[in-house]
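Trainee: In the working numbering, the protein residues as written are 1 to 322.
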Amino acid sequence: MKYTKIIGTGGFLPEKILTNRDLEQMVETTDEWITERTGIKKRHIVAAGQTTCDLAEQAARRAIESAGISPGDIDLIICATTTPDRIFPSTACLLQARLDIHGIPAFDVQAVCTGFVYALSIADKFIRTHAATCALVIGAETLSRIVDWNNRATCVLFGDGAGAVILKASDAPGILSTHLHADGAYKDLLTVPAGISENPGLLQQGKAFIAMQGNEVFKVAVNSLSRIVDETLEANQLQQSDIDWLVPHQANIRIIMATAKKLKMDMDHVVVTVQDHGNTSAASIPLALDQAVRDGRIQRDEILLLEAFGGGFTWGSALIRY
Ligand code: ACO
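#1: Looking only at C-alpha atoms, which of ALA194, MET212, ALA211 sits nearest to GLN204?
#2: Among ALA111, VAL112, ALA97, which residue has its Cα nearest to the Cα of PRO105?
#3: Where does the unbroken alpha helix (DSSP H) through VAL220 begin, and where does it stop?
#4: Looking at GLY312: is its Cβ nearer than 8 Å to the Cβ of ALA182?
#5: Apart from the five residues just before and just after GLN240, which ones in its own chain have a Cβ nearer than 6 Å to its Cβ?
#6: Can you say whether HIS44 is buried or exposed, counting buried as having 16 or more other CB atoms within 10 angstroms of its CB?
#7: With a threshold of 7 Å on Cβ separation, who are the neighbours of THR154 within its own chain once the five nearest residues in sequence on each side are excluded?
#8: Quick one: does the C-beta of TRP245 sit closer than 7 Å to a heavy atom of the ligand ACO?
#9: Check for me: the alpha helix (DSSP H) holding ALA119 runs from which residue to which?
#10: If you draw a straight line from the alpha carbon of ARG86 to that of ILE253, how long is it in whole angstroms?
#11: Nearest-angstrom Cα distance between HIS130 and ILE34?
#12: Quick check: does the Cβ of LEU289 come within less than 7 Å of any heavy atom belonging to the ligand ACO?
#13: What residues are listed by DSSP as bridge partners for HIS179?
#14: Helix, strand or coil: how does DSSP classify ALA140 here?
Structural data, given as structure tokens:
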């Protein structure tokens, strides 16, 4: 058993939908501006009292069902989130209790929009080193809680949701390679500049909001993703044409199109869901993956390239034989 295979996927979006037209009533913006600059048409927003763990639980249960396993088969839980329910315990532990699983390791990973790729990479290493045999990996976010709904530069971009996969040890190839990077020198270009030990007052006043230099983020994201595509192909000695599906982090259609162009890939082979839920950070890749698996686009044995970029800056990729 030297490989890690994805054997199930699940996704969940909260019921409430906020359209671009709704946002026109809240800030000075237009559907046309948002659509043209980002590709986003709507996003899902949690109800009062609904938490990241609530979303993660629904996505996890759907992934468990699609994998045909029971919660008791899982021996590792990793949750990627930037918006955990509590400071502690981790959202992974809260989810573990909901699933009535006891004693196995469960922890959160914080790499913002790259969180799911980081979590997938860690779980793959657990499985390859025989420290786990069946892992639940989740990306779940309630970004609406850290969005300033009066700031048109950021509030149009983000949404809430959760996506999950079940990974299993396998003799046949699954995850072929993962590539993780970070550069904290860019810490101030995309940040919530408040927390428990820095500017705790902002948190207490409910003013811990996403701050972003959109133009700069855009440029570094496109360059970093272009480089990581080369790195991933080279590591596996593959050509651009060997990739069947690009499953990118869903932040902005223009960033996605730039990466597809780099791969000389027709947009028909890029999974795009950003129009339906905006940027859901760590949840966006597993949400997109789940959708394309369930609607039959992604088939067994195809080669998938997952890639993400986010706050930190962090960026990463995973090459998978599905
Ligand atoms: N509606 C209307 N006008 C707006 C809005 C809005 N919602 N937001 C900003 N504007 C205005 C600005 O004020 C500015 O006006 P000015 O020229 O009078 O000063 C004008 O539009 C252009 O602003 P820019 O910021 O230069 O617009 P840009 O073309 O860069 O698009 C955007 C902004 C969409 C944020 C883009 O920079 C982007 O997508 N950046 C990447 C950010 C991102 O994806 N962050 C998510 C996390 S990182 C990740 O997940 C990859």
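The C-beta atom is built at its ideal place from N, Cα and C for all residues, glycine as well.
Mentor: So, to answer that:
#1: ALA194
#2: ALA97
#3: 214-236
#4: yes
#5: LEU263, LYS264
#6: buried
#7: VAL147, ASP148, ILE210, MET212
#8: no
#9: 115-128
#10: 32 Å
#11: Taking the straight line from one Cα to the other gives about 46 Å.
#12: Here the distance from the Cβ of LEU289 to the nearest heavy atom of the ligand ACO is not below 7 Å.
#13: Answer by DSSP bridge pairing, in chain order: SER317.
#14: strand
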